[in-house]
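J.: Residues in the sequence shown are numbered consecutively from 581, following my numbering.
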Amino acid sequence: MTAQVSSQAADRVETAPYEVLVDVRNHIGHLTLNRPAGLNALTLGMVRSMQQQLDAWAHDPQIRAVVLRGAGDKAFCAGGDIRSLYDSHKQGDTLHEDFFVEEYALDLTIHHYRKPILALMDGFVLGGGMGLAQGADLRIVTERSRLGMPEVAIGYFPDVGGSYFLPRIPGELGIYLGVSGVHIRAADALYCGLADWYLDSRKLTQLDERLDRLEWRDTALKDLQSLLAKIAVQQLPAPPLADLRPAIDHFFALPDVPSMVEQMRQVTVANSHEWALKTAELLETRSPLAMAVTLEMLRRGRHLSLEDCFALELHLDRQWFARGDLIEGVRALLIDKDKNPQWNPPTLEALDAAQVESFFDGFDYHGN
581 MTAQVSSQAA DRVETAPYEV LVDVRNHIGH LTLNRPAGLN ALTLGMVRSM QQQLDAWAHD
641 PQIRAVVLRG AGDKAFCAGG DIRSLYDSHK QGDTLHEDFF VEEYALDLTI HHYRKPILAL
701 MDGFVLGGGM GLAQGADLRI VTERSRLGMP EVAIGYFPDV GGSYFLPRIP GELGIYLGVS
761 GVHIRAADAL YCGLADWYLD SRKLTQLDER LDRLEWRDTA LKDLQSLLAK IAVQQLPAPP
821 LADLRPAIDH FFALPDVPSM VEQMRQVTVA NSHEWALKTA ELLETRSPLA MAVTLEMLRR
881 GRHLSLEDCF ALELHLDRQW FARGDLIEGV RALLIDKDKN PQWNPPTLEA LDAAQVESFF
941 DGFDYHGN
């Protein structure tokens, strides 16, 4: 996907000083998202800065690998700077349109990068942070990691490649994560295949020291894997999702979200009853439209290529600010902060299947 940048946005958007820190040590390029007070949420300037640096390193024979991380101990990246996108739409600007085009192009760059990328997913890894990390070759979580695609909570849908990597998680786990927007921790991230290694956060300094001293002997990826094998682990105590898997696979394979909620409220099996009721209550707080579109998008994405998944998400983006629930969700949660979004439609029962399907009208993909 080629990023097309409007001259209006290009003239205006610049990366604030030090929002992305760049360092090279021992043939490794280090990129650090440096907005810790904002949980390292992405701005358009940050996206452009990372794209430019990755493009340069791709052709630099001195760079063998790349490490992505977030500054501070609270977040790798908690998504995009949604407030700026809200303001852009309200002002009739194009920044919000350019942001998604360029963010998705960056994510695709990472997926196809010619050199290994290691993502340190310490702290919150949400939305746009997942988009950066899921294309990496080596994904490390810690005890502080909180992974999620929580977009339905603000009336949006899980993008940044979520339509590709979520439905490819075994069973219906990815559908559950996308439709509900719940966060998971390290053990579940490994179980779902959204992470490769676990490292205690106290060993992050040791990891950096070993990277700085790494002797390059084999392929860069194998050298990094050998290093991680010495200080990290791939197995943790039983992940909570493993016990819930039968229930999740049943409910989230049902035809639509209203059916899911209805059946969850009827559960009487002791070990699933509490989870089912809590999940039903959670879904009833989310945007009905966002959940329904998400469910359809993920089920379509299961059969699409990575590039087509990003194209589908961009197709939805181009309609969503005007026809979706995002603007209302941001208003309720970030602007007025009344936490009382007026979703349209307001309830799952009021969902119109034709309205949901209309968001996918006109989408063409390489398979057609």
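All residues carry an ideal CB built from backbone N, CA and C; glycine is no exception.
On the CB-based measure, 16 or more other CB atoms within 10 Å of its CB, does P730 come out buried or exposed?
T.: Taking a 10 Å sphere around the C-beta of P730, we find 16 or more other C-beta atoms and assign the residue as buried.
J.: So does the stretch 873-880 actually touch the stretch 751-764, counting three or more Cβ pairs closer than 8 Å?
T.: yes
J.: In three-state terms, what does DSSP make of R592?
T.: Reliability fails at R592, whose pLDDT of 45 lies under 50, so the model's placement of it is uncertain and no value is given.
J.: In this structure, does DSSP put V740 in helix, strand or coil?
T.: coil
J.: Please specify which runs of the alpha helix (DSSP H), each continuous and at least 4 residues long, are wholly inside the stretch 628-690, giving them in chain order.
T.: 662-670
J.: Mind checking which residues open and close the beta strand (DSSP E) that includes A699?
T.: 697-701
J.: Three or more C-beta pairs closer than 8 Å, one from the stretch 683-699 and one from the stretch 662-669: is that the case here?
T.: no
J.: Distance, Cα to Cα, M840 vs G708?
T.: 27 Å
J.: In whole angstroms, what separates the C-alpha of Q899 from that of T623?
T.: 21 Å
J.: Taking the straight line between their C-alpha atoms, what separation do you get for L913 and K802?
T.: 44 Å
J.: Cβ of L804 within 9 Å of Cβ of L648?
T.: no
J.: Under a three-way DSSP split, which group does T953 fall into?
T.: Residue numbering for the chain in the displayed model covers 581 to 948; residue 953 lies beyond these limits and cannot be assessed.
J.: Whether or not the stretch 848-856 and the stretch 897-911 are in contact is what I'm after, with contact meaning three or more pairs of Cβ atoms, one per stretch, closer than 8 Å; do they touch?
T.: no
J.: Taking the alpha helix (DSSP H) that D803 falls in, what are its first and last residues?
T.: Boundaries of the alpha helix (DSSP H) around D803: 800-811.
J.: Among R765, R782, K783, S781, which one has its Cα closest to the Cα of A775?
T.: R765
J.: Is the beta carbon of L950 less than 9 Å from the beta carbon of W796?
T.: Beyond the ends of the chain as shown, which are 581 and 948, falls residue 950; an answer cannot be given.
J.: State the Cα-Cα distance for the pair L619 and L613, rounded to the nearest angstrom.
T.: Between L619 and L613, the C-alpha separation is close to 9 Å.
J.: Nearest by alpha-carbon distance to L718: which of E677, A800, D905, D918 is it?
T.: Looking only at E677, A800, D905, D918, the smallest Cα-Cα distance to L718 is reached by A800.
J.: Using the three-state DSSP reduction, which class does R719 fall into: helix, strand or coil?
T.: strand
J.: From the DSSP output, which residues share a beta bridge with R726?
T.: F704
J.: Can you list, in chain order, the residues of its chain whose CB lies under 7 Å from that of K783, leaving out five sequence neighbours each side?
T.: Correct list, in chain order: I811.
J.: For D603, report the span of its beta strand (DSSP E) as first-last.
T.: For D603, the enclosing beta strand (DSSP E) starts and ends at 600-605.
J.: Given this structure, state the Cα-to-Cα distance separating M710 from G728, to the nearest angstrom.
T.: 7 Å
J.: My guess is that V602 and Q631 are in contact by the Cβ rule of under 8 Å, so how many angstroms apart are they, rounded?
T.: Actually they are not in contact, since the Cβ atoms of V602 and Q631 sit about 13 Å apart, beyond 8 Å.
J.: According to the neighbour-count rule (16 or more other Cβ atoms, all chains shown, within 10 Å of its Cβ), is A934 buried or exposed?
T.: With fewer than 16 Cβ atoms within 10 Å of its Cβ, A934 is classed as exposed.
J.: So if DSSP puts T612 in a beta bridge, which residue, or which two residues, is it bridged to?
T.: L601, R649
J.: Based on the DSSP output, what are the partners of I764 in its beta bridges?
T.: Here I764 is bridged, per DSSP, to L727.
J.: If you count every other CB in all the chains shown that lies within 10 Å of the CB of V740, and 16 or more means buried, which is it?
T.: Label assigned to V740: buried.
J.: Taking Cβ positions, are Y778 and T722 nearer each other than 9 Å?
T.: A distance below 9 Å separates the beta carbons of Y778 and T722.
J.: DSSP three-state call for L779: helix, strand or coil?
T.: coil
J.: Go to D888, then tell me how far its alpha helix (DSSP H) extends in each direction, as first and last residue.
T.: That run of the alpha helix (DSSP H) goes 886-903.
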